[in-house]
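**Q** Letter by letter, the sequence shown follows residues 940 to 1250 of our numbering. Backbone N, C-alpha and C define an ideal beta-carbon position, used for all residues, glycine too.
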Amino acid sequence: MGPEAVIEVAGLTRRFGSFTAVQQVSFSVRAGEIFGFLGANGAGKSTTIRILCGLLAPSEGHACVAGIDVARDPEAVKRSIGYMSQKFSLYLDLTAEENLEFFGGAYGLGRRALRQRGRELLARVGLRERSAEITGRLPGGMRQRLALAAAMLHRPRILFLDEPTSGVDPRARQSFWALIREAAREGVTVFVTTHAMDEAEFCDRIGLMADGRLRALDTPDGLKRSFLPGEMFHLELSPDRSIDALASQPGVLRIESAGAAYRLRVEAGRFDPEKLRALLGPAAVRVERVEPDLEDVFLEVVTQARGEAVP
940 MGPEAVIEVA
950 GLTRRFGSFT
960 AVQQVSFSVR
970 AGEIFGFLGA
980 NGAGKSTTIR
990 ILCGLLAPSE
1000 GHACVAGIDV
1010 ARDPEAVKRS
1020 IGYMSQKFSL
1030 YLDLTAEENL
1040 EFFGGAYGLG
1050 RRALRQRGRE
1060 LLARVGLRER
1070 SAEITGRLPG
1080 GMRQRLALAA
1090 AMLHRPRILF
1100 LDEPTSGVDP
1110 RARQSFWALI
1120 REAAREGVTV
1130 FVTTHAMDEA
1140 EFCDRIGLMA
1150 DGRLRALDTP
1160 DGLKRSFLPG
1170 EMFHLELSPD
1180 RSIDALASQP
1190 GVLRIESAGA
1200 AYRLRVEAGR
1210 FDPEKLRALL
1220 GPAAVRVERV
1230 EPDLEDVFLE
1240 VVTQARGEAV
1250 P
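1) Just to confirm, are Met1081 and Leu1060 a CB contact at a threshold of 8 angstroms?
2) Would you call Lys1214 buried or exposed, if buried means 16 or more other Cβ atoms sit within 10 Å of its Cβ?
3) Please check the pair Thr986 and Leu977, which I expect to be a contact at CB under 8 angstroms, by giving their CB distance rounded to whole angstroms.
4) Express the C-alpha separation of Ala1149 and Ala949 in angstroms, rounding to a whole number.
5) Run through the DSSP bridge pairs and tell me what Thr952 is partnered with.
6) Should Ala982 go down as buried or exposed, given a rule of 16 or more other Cβ atoms within 10 Å for buried?
7) Evaluate contact between the stretch 1132-1139 and the stretch 1191-1198, counting only Cβ atoms and requiring at least three cross-stretch pairs below 8 angstroms.
8) Would you call the CB atoms of Val968 and Thr1128 closer than 8 angstroms?
9) Kindly indicate which three-state DSSP category Met1091 falls into: helix, strand or coil?
10) Does DSSP classify Ala1248 as helix, strand or coil?
11) Between the alpha carbons of Arg1154 and Val1240, how many angstroms are there, rounded?
12) For Ala1088, which option in Gly1075, Glu1072, Ile1119 has the closest C-alpha, if you only look at C-alpha atoms?
13) From what residue to what residue does the alpha helix (DSSP H) around Arg1063 run?
14) Hey, how far is the Cα of Pro1231 from the Cα of Glu1102?
15) Check this for me: beta carbons of Arg1204 and Gly1169, under 8 angstroms apart or not?
16) Can you tell me where the alpha helix (DSSP H) with Glu1036 in it begins and where it stops?
17) Can you check whether the CB of Ser1019 is closer than 8 angstroms to the CB of Ile1007?
18) In terms of residue numbering, what span does the beta strand (DSSP E) encompassing Val1107 cover?
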């Protein structure tokens, strides 16, 4: 492993019978970074994270987490990390405080240290006033914050979070990501899987999975520069009007339908809003230049991965 790497993966492959869920995946994660692992459902994200957490053996390749080979000593890996699974894994019939006491005992924390650490974490995740409440009665966002507190009880230097905000409302997601960023500022490495592209903007670097392979790895801005050269426009047309007038124009790179609107990517300097309005004529309701986002990157990467023709 490199001097700053706390996770290193080389040629990682996992098969289930004849199906290959993860194929020849290689990357490293630096200490203290928020590393996002993105992809659609079924892209291989959760399989990879389960291997890295010592919960699943690789079919080929190797991975080291905190200097430990995950295949040779998975139990040591489990003791060295914090893991929050995609499925809520705390006990719904225990109080928030009792859940932390139970999991802290499993980590081998002494009673006094556990009580102090539990209260500290409940305050940190905004649950101190609800520590005596039955977990099953807490809203979804609070349950997720409690699960994060449980994963941090033993002060791990690496946190694995598998789709941690799945099914929670936008405000709860925002609060959860504030906690992730706080942990990273304290030097904790955070490895987070998600299919929410807006959340990925919070990551220092992103690995993008498609069809079991790692297709791209860079910062959010680096991915946009690499996969989305040129400029992007948002177009809205009047009902029953066609975008065909633009499809054959020189310099048009891609037209993507976005609900009732369109995302248009063109070569830099070839178009401006006025020129596009002139080409579209009365059909143009709204034309504006926009910044590309990671959703655009994801669509481009998946299209390239599957060898689909550009529209």
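**A** Reading it off the structure:
1) Here the question's residue 1081 lines up with position 142 in the sequence shown. Here the question's residue 1060 lines up with position 121 in the sequence shown. Not closer than 8 angstroms, so no.
2) Numbered from its first residue, the sequence shown carries residue 1214 at position 275. With a 10 Å radius around the Cβ and a threshold of 16 neighbouring Cβ atoms, Lys1214 comes out exposed.
3) The residue given as residue 986 occupies position 47 in the sequence shown. The residue given as residue 977 occupies position 38 in the sequence shown. So it is not a contact: roughly 14 angstroms between Cβ atoms.
4) Counted from its first residue, the sequence shown places residue 949 at position 10. Counted from its first residue, the sequence shown places residue 1149 at position 210. Here the alpha carbon of Ala949 sits roughly 17 angstroms from the alpha carbon of Ala1149.
5) For the purposes of this step, residue 952 is taken as the residue at position 13 of the sequence shown. Under DSSP, Thr952 takes part in a beta bridge, and its partners are Glu999.
6) Here residue 982 is taken as the residue at index 43 of the sequence shown, counted from 1. Under this definition Ala982 is a buried residue.
7) At 8 angstroms Cβ cutoff, the stretches do not touch.
8) Locating residue 968 in the sequence shown gives position 29, where the first residue counts as 1. Locating residue 1128 in the sequence shown gives position 189, where the first residue counts as 1. Result yes, Cβ atoms of Val968 and Thr1128 sit closer than 8 angstroms.
9) Looking up residue 1091 in the sequence shown gives position 152. Note: Met1091 maps to coil in three-state DSSP.
10) Taking the sequence shown and counting its residues from 1, one reaches residue 1248 at position 309. At Ala1248 the pLDDT is 36, less than 50, meaning the model places this residue with poor confidence and gives no usable figure here.
11) The residue given as residue 1154 occupies position 215 in the sequence shown. The residue given as residue 1240 occupies position 301 in the sequence shown. Roughly 7 angstroms separates the two Cα atoms.
12) Residue 1088 sits at position 149 when you count from the first residue of the sequence shown. In terms of Cα proximity to Ala1088, the closest of Gly1075, Glu1072, Ile1119 is Ile1119.
13) Start at 1 with the first residue of the sequence shown, and residue 1063 comes out as number 124. Annotation: the continuous alpha helix (DSSP H) that includes Arg1063 extends over 1050-1063.
14) Position 292 of the sequence shown, counting from 1, holds the residue named residue 1231. Position 163 of the sequence shown, counting from 1, holds the residue named residue 1102. When rounded, the distance between both Cα atoms is 24 angstroms.
15) Along the sequence shown, read from residue 1 onward, the residue named residue 1204 stands at position 265. Along the sequence shown, read from residue 1 onward, the residue named residue 1169 stands at position 230. Going by C-beta atoms, Arg1204 is nearer than 8 angstroms to Gly1169.
16) Residue numbering aside, residue 1036 sits at position 97 when the sequence shown is read from its first letter. Secondary structure note for Glu1036: its alpha helix (DSSP H) is the uninterrupted segment 1035-1045.
17) Reading the sequence shown from its first residue, position 68 is the one you call residue 1007. Reading the sequence shown from its first residue, position 80 is the one you call residue 1019. With contacts defined by Cβ atoms closer than 8 angstroms, Ile1007 and Ser1019 form a contacting pair.
18) As a first step, residue 1107 is located in the sequence shown; it is residue number 168 there, counting from the start. Per DSSP, Val1107 belongs to no beta strand (DSSP E) and is neither H nor E.
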